[in-house]
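Chemist:
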Amino acid sequence: MFDSLDTRKQIYQFIKLLFPIMIYQMISYSSGMIGTFMVGNYSEIELAGVSMGINIWTPIFSVISTLVVAIIPIVSQLIGDGKEKTIPGKVRQFIYVALFISIMISILVYFSIDYIIDRIVLNDEIVEITKLFLKYQAFGLIPMTLYVTLRSFIDSLGLTRLSMIVMLVYVPINVLLSYIFIFGKFGAIEYGGVGLAISTNITYIFSLIIVIFLVIKHPKIKKYQIFKIEKLNIEVWYEIFKLGLPMALAALLETLVFSALSLMVSIFDTITIAAHQAALNFAGFLYALPMSISSALTIVVAYQVGAKNYNQADKYVKIGMCVSIGLATIVACLIYISRSIIPYLYGKDLNFLKLNSYLLLFVVCFVILDSFSACLVGVLRAYKQVFPTCLAQLIGYYLIGLPLAFYFLYKTKLGVQSLWIAWIIGLTIYAFCMIIYYLKVLKKNRL
Numbered sequence: 471m472f473d474s475l476d477t478r479k480q481i482y483q484f485i486k487l488l489f490p491i492m493i494y495q496m497i498s499y500s501s502g503m504i505g506t507f508m509v510g511n512y513s514e515i516e517l518a519g520v521s522m523g524i525n526i527w528t529p530i531f532s533v534i535s536t537l538v539v540a541i542i543p544i545v546s547q548l549i550g551d552g553k554e555k556t557i558p559g560k561v562r563q564f565i566y567v568a569l570f571i572s573i574m575i576s577i578l579v580y581f582s583i584d585y586i587i588d589r590i591v592l593n594d595e596i597v598e599i600t601k602l603f604l605k606y607q608a609f610g611l612i613p614m615t616l617y618v619t620l621r622s623f624i625d626s627l628g629l630t631r632l633s634m635i636v637m638l639v640y641v642p643i644n645v646l647l648s649y650i651f652i653f654g655k656f657g658a659i660e661y662g663g664v665g666l667a668i669s670t671n672i673t674y675i676f677s678l679i680i681v682i683f684l685v686i687k688h689p690k691i692k693k694y695q696i697f698k699i700e701k702l703n704i705e706v707w708y709e710i711f712k713l714g715l716p717m718a719l720a721a722l723l724e725t726l727v728f729s730a731l732s733l734m735v736s737i738f739d740t741i742t743i744a745a746h747q748a749a750l751n752f753a754g755f756l757y758a759l760p761m762s763i764s765s766a767l768t769i770v771v772a773y774q775v776g777a778k779n780y781n782q783a784d785k786y787v788k789i790g791m792c793v794s795i796g797l798a799t800i801v802a803c804l805i806y807i808s809r810s811i812i813p814y815l816y817g818k819d820l821n822f823l824k825l826n827s828y829l830l831l832f833v834v835c836f837v838i839l840d841s842f843s844a845c846l847v848g849v850l851r852a853y854k855q856v857f858p859t860c861l862a863q864l865i866g867y868y869l870i871g872l873p874l875a876f877y878f879l880y881k882t883k884l885g886v887q888s889l890w891i892a893w894i895i896g897l898t899i900y901a902f903c904m905i906i907y908y909l910k911v912l913k914k915n916r917l
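Residues in the sequence shown are numbered consecutively from 471, following the working numbering.
#1: Counting pairs of Cβ atoms below 8 Å between the segment 715–728 and the segment 669–681, do you hit three or more?
#2: Compute the distance between the beta-carbons of Ser729 and Ile491, then report whether it is under 8 Å.
#3: Are at least three pairs of beta-carbons, each pair with one atom in the segment 765–774 and one in the segment 559–578, less than 8 Å apart?
#4: Are the beta-carbon atoms belonging to Ser546 and Ser648 less than 8 Å from one another?
#5: Could you give the DSSP three-state label for Gln855: helix, strand or coil?
#6: Taking the C-alpha atoms as reference points, what is the distance between Ile928 and Ile624?
#7: Between the Cα of Leu537 and the Cα atoms of Met508, Leu604, Lys701 and Trp707, which residue gives the shortest distance?
#8: For Ile575, I'd like the list of residues in its chain whose CB is within less than 7 Å of its CB, leaving aside the five on either flank, ordered along the chain.
#9: Taking Cβ positions, are Val685 and Ile668 nearer each other than 8 Å?
#10: What do you reckon, are the CB atoms on Val856 and Ala758 nearer than 8 Å?
#11: Suppose the cutoff is 7 Å on Cβ atoms and the five residues either side in sequence are ignored; what does the same chain contact list for Phe507 look like?
#12: Quick check for students: name the residue ranges of the alpha helix (DSSP H) that lie wholly in the segment 731–777, counting only runs of 4 or more.
#13: Measuring alpha carbon to alpha carbon, tell me which of Gly552, Leu638, Lys601 and Tyr580 ends up nearest Tyr499.
#14: Straight-line CA distance for Tyr806 to Ala608?
#15: State the start and end residues of the unbroken alpha helix (DSSP H) segment that holds Tyr494.
#16: Would you identify the three-state DSSP class for Asn915, choosing helix, strand or coil?
#17: For Asp588, which three-state DSSP category applies?
#18: Could you check the C-alpha separation between Glu709 and Gly796 for me, to the nearest Å?
#19: Between the C-alpha atoms of Ile691 and Ile526, what's the straight-line distance to the nearest angstrom?
#20: Assign Glu660 to one of three DSSP states: helix, strand, or coil.
#21: Return the chain-ordered list of same chain residues with a C-beta closer than 7 Å to the C-beta of Asp819, the five sequence neighbours on each side being excluded.
#22: Starting from the Cα of Cys903, find the closest Cα among Gln863, Leu823 and Tyr617 and give me that residue.
#23: Helix, strand or coil: which one does DSSP assign to Asn779?
#24: Going along the chain, which residues of its own chain have a beta-carbon closer than 7 Å to the beta-carbon of Asn821, five neighbours each way excluded?
#25: Of all the options Tyr606, Phe564 and Ile573, which has the alpha carbon lying nearest to the alpha carbon of Asp584?
#26: Just to confirm, is the Cβ distance from Ile493 to Met614 under 8 Å?
#27: Would you grab the beta carbon distance between Ser827 and Asn644 for me? Rounded to a whole angstrom, and I think it's under 8 Å.
#28: Count the other C-beta atoms from every protein chain shown that fall within 10 angstroms of the C-beta of Lys785, then say buried if there are 16 or more, exposed otherwise.
#29: Assuming Gly519 contacts Gly663 (C-beta within less than 8 Å), just tell me the rounded distance between them.
#30: Look up Ser559 in the DSSP assignment and say whether it is helix, strand or coil.
#31: What ranges does the alpha helix (DSSP H) occupy inside the segment 513–583, keeping only unbroken runs of at least 4 residues that lie completely in it?
#32: Take every Cβ of the segment 867–879, pair it with every Cβ of the segment 893–909, and state whether three or more of those distances are shorter than 8 Å.
#33: Where do the N-terminal and C-terminal ends of the alpha helix (DSSP H) with Asp625 fall, by residue?
#34: From what residue to what residue does the alpha helix (DSSP H) around Val636 run?
#35: Using 8 Å for Cβ pairs, my map puts Leu825 next to Ala745. What's the rounded Cβ distance?
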């Protein structure tokens with residue numbers, strides 16, 4: 471699949487693999503952004519309430535989806551090692567895990583969310599919006615998780631173009647449904663910001679149906695016959711959780727710290743909350759770039775690691791890092807130039823526009839730093855070395871970032887920018903730790 475030793479061909483193979491993933495991720499994030507634009511233009515209060523709900527939902531969904539994404543390094547390594555016959559059994563167990571986890575979490579979220587929101591959201595204007603948004607999201611967790619599992623399996627086979635095609639179908643459906651349910655068009659009930667959750671759930675069901683069809687009918691996938699009934703295999707579950715839980719923990723640590731910083735913003739007025747959340751939403755959209763490169767690196771590096779070609783694996787890492795840093799530099803320059811225009815996508819209030827434009831300067835720093843750290847997360851997943859990512863996040867985010875955020879917020883007069891300053895410092899430490907550990911892994915495998 472990735473057997474060429476020629477550098478030019480390797481670059482071509484990597485770009486060929488990366489491009490559909492990048493299109494997929496950018497379209498996926500842009501779909502969420504468009505929904506956020508709609509909510510922001512519907513009402514700043516609705517935007518603040520929905521954004522607070524997203525900040526709580528993101529860690530939940532990130533943990534579950536990252537757990538099942540462990541299918542990528544497992545399957546890619548098996549292909550590289552010439553053990554394709556064992557793949558169907560692994561995939562079936564991943565489907566069982568996805569069903570079990572998503573059912574349990576959706577029930578837990580639905581029945582506990584009132585209690586949780588009443589204790590962590592301090593702004594009375596947005597409490598009910600946040601509660602309702604999260605309850606609707608809980609209904610869609612099962613199809614979301616199954617979709618991510620099957621899509622990740624397809625990606626692990628190097629068929630990333632199929633994921634891109636599915637997302638190209640997903641976006642127009644999601645945008646249209648968001649418009650209908652947020653604003654109450656074509657005879658639908660006007661749900662406001664909560665309509666964003668309803669449209670997302672319906673669209674994921676459509677996407678799941680398409681992915682199931684591809685798995686059954688596509689000539690390069692149907693040979694695995696993954697939908698045959700199979701008994702639970704405790705050994706495979708152990709393998710899944712051994713790799714998946716540290717990956718999920720890393721995702722939780724990352725998303726939780728951003729959610730914590732966003733919840734700390736609830737002490738400010740609604741305009742400040744909305745401006746902060748809009749900047750965070752835009753940063754999330756840009757995160758699609760390093761995440762795409764990270765996913766591509768996981769696939770190609772895992773294949774080389776499975777084949778014991780460690781020098782070739784390192785070549786792909788260097789190719790990926792060069793692409794990541796180059797793209798990040800271009801994007802950072804574009805944000806800086808257009809920082810006074812971007813806020814108009816989210817709202818119209820003059821105070822909102824001014825504050826959001828200023829916060830976008832911090833997003834520039836975020837883009838540069840993530841070009842290092844996010845890519846190395848994908849590389850270490852390929853080596854099945856995921857615990858060090860958790861350790862790096864604990865140091866960067868929790869030992870340094872969050873304490874600084876509390877100090878700046880309550881002991882200085884920096885205002886909402888204090889959270890962004892602390893975030894950037896923590897992210898810098900995290901990126902440095904990831905670079906150091908990758909060099910250690912590289913040295914070990916070259917001996």
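From the three backbone atoms N, C-alpha and C, an ideal C-beta is built for every residue, glycine too.
From a predicted model like this one, the values you see are computed outputs, not experimental measurements.
Modeler: Concretely, from the data shown:
#1: no
#2: Numbered from its first residue, the sequence shown carries residue 729 at position 259. Numbered from its first residue, the sequence shown carries residue 491 at position 21. Against a cut-off of 8 Å, the Cβ pair of Ile491 and Ser729 comes out as no contact.
#3: no
#4: On the sequence shown, position 76 is the one that residue 546 refers to. On the sequence shown, position 178 is the one that residue 648 refers to. Not closer than 8 Å, so no.
#5: Here residue 855 refers to the residue found at position 385 of the sequence shown. Coil.
#6: It is not possible to answer for residue 928, since the shown part of the chain is limited to 471 through 917.
#7: By one-based count along the sequence shown, residue 537 stands at place 67. Comparing Cα positions, the closest option is Trp707.
#8: Within the sequence shown, residue 575 is the residue found at index 105, counting from 1. Counting only Cβ-Cβ distances below 7 Å, and skipping sequence neighbours, we find Ile530, Ile534 and Leu611.
#9: Taking the sequence shown and counting its residues from 1, the one referred to as residue 685 is at position 215. Taking the sequence shown and counting its residues from 1, the one referred to as residue 668 is at position 198. Cβ distance not < 8 Å, so Val685 and Ile668 don't count as in contact.
#10: Here residue 856 refers to the residue found at position 386 when the sequence shown is read from its first residue. Here residue 758 refers to the residue found at position 288 when the sequence shown is read from its first residue. No, the pair does not count as a contact, with Cβ atoms beyond the cut-off.
#11: To locate residue 507, count along the sequence shown from 1; it is residue 37. Within the same chain, Phe507 has close Cβ partners Leu815 and Tyr816.
#12: 740–756 and 758–776
#13: Sequence index remark: in the sequence shown, residue 499 carries index 29 (1-based). Among Gly552, Leu638, Lys601 and Tyr580, the Cα nearest to that of Tyr499 belongs to Leu638.
#14: Residue numbering aside, residue 806 sits at position 336 when the sequence shown is read from its first letter. Residue numbering aside, residue 608 sits at position 138 when the sequence shown is read from its first letter. Distance between the alpha carbons of Tyr806 and Ala608 is about 37 Å.
#15: Mapped onto the sequence shown, residue 494 falls at position 24. From DSSP, the alpha helix (DSSP H) with Tyr494 extends over Thr477 to Tyr512.
#16: For the purposes of this step, residue 915 is taken as the residue at position 445 of the sequence shown. Helix.
#17: As a first step, residue 588 must be located in the sequence shown, where it is residue number 118. DSSP places Asp588 in helix when its eight states are reduced to three.
#18: For the purposes of this step, residue 709 is taken as residue 239 along the sequence shown, with counting starting at 1. For the purposes of this step, residue 796 is taken as residue 326 along the sequence shown, with counting starting at 1. Answer to the nearest angstrom: the Cα atoms are 36 Å apart.
#19: Here residue 691 refers to the residue found at position 221 when the sequence shown is read from its first residue. Here residue 526 refers to the residue found at position 56 when the sequence shown is read from its first residue. If I take the Cα positions, the gap works out to 36 Å.
#20: Within the sequence shown, residue 660 is the residue found at index 190, counting from 1. In the structure shown, Glu660 sits in coil (DSSP, three-state: anything other than H, G, I, E or B).
#21: Working through the sequence shown from its first residue, we reach residue 819 at position 349. Closer than 7 Å at the Cβ level, and outside the excluded window around Asp819, lie Glu514 and Ile741.
#22: Working through the sequence shown from its first residue, we reach residue 903 at position 433. That would be Gln863, whose Cα lies nearest to the Cα of Cys903.
#23: Start at 1 with the first residue of the sequence shown, and residue 779 comes out as number 309. Asn779 falls in the coil class under three-state DSSP.
#24: By one-based count along the sequence shown, residue 821 stands at place 351. Excluding residues within five positions, the ones whose Cβ falls inside 7 Å are Ile741.
#25: By 1-based counting over the sequence shown, the position of residue 584 is 114. Here the closest residue by C-alpha is Tyr606.
#26: Counted from its first residue, the sequence shown places residue 493 at position 23. Counted from its first residue, the sequence shown places residue 614 at position 144. Against a cut-off of 8 Å, the Cβ pair of Met614 and Ile493 comes out as no contact.
#27: Taking the first residue of the sequence shown as 1, we reach residue 827 at position 357. Taking the first residue of the sequence shown as 1, we reach residue 644 at position 174. That belief does not hold up - the Cβ atoms of Ser827 and Asn644 are roughly 28 Å apart, past 8 Å.
#28: Taking the first residue of the sequence shown as position 1, residue 785 is located at position 315. The residue is buried, with at least 16 neighbouring Cβ atoms inside 10 Å.
#29: By one-based count along the sequence shown, residue 519 stands at place 49. By one-based count along the sequence shown, residue 663 stands at place 193. Confirmed, Cβ separation roughly 6 Å.
#30: Within the sequence shown, numbered from 1, the residue matching residue 559 stands at position 89. Checking the sequence, you will find Gly at residue 559 rather than Ser. Looking at Gly559 - three-state DSSP - the assignment turns out to be helix.
#31: 514–539 and 541–550
#32: At 8 Å Cβ cutoff, the stretches touch.
#33: Numbered from its first residue, the sequence shown carries residue 625 at position 155. That run of the alpha helix (DSSP H) goes Leu611 to Ser626.
#34: On the sequence shown, residue 636 is found 166 positions in, with the first residue counted as 1. Val636 -> alpha helix (DSSP H) spans Thr630 to Phe653.
#35: Residue numbering aside, residue 825 sits at position 355 when the sequence shown is read from its first letter. Residue numbering aside, residue 745 sits at position 275 when the sequence shown is read from its first letter. Confirmed, Cβ separation roughly 4 Å.
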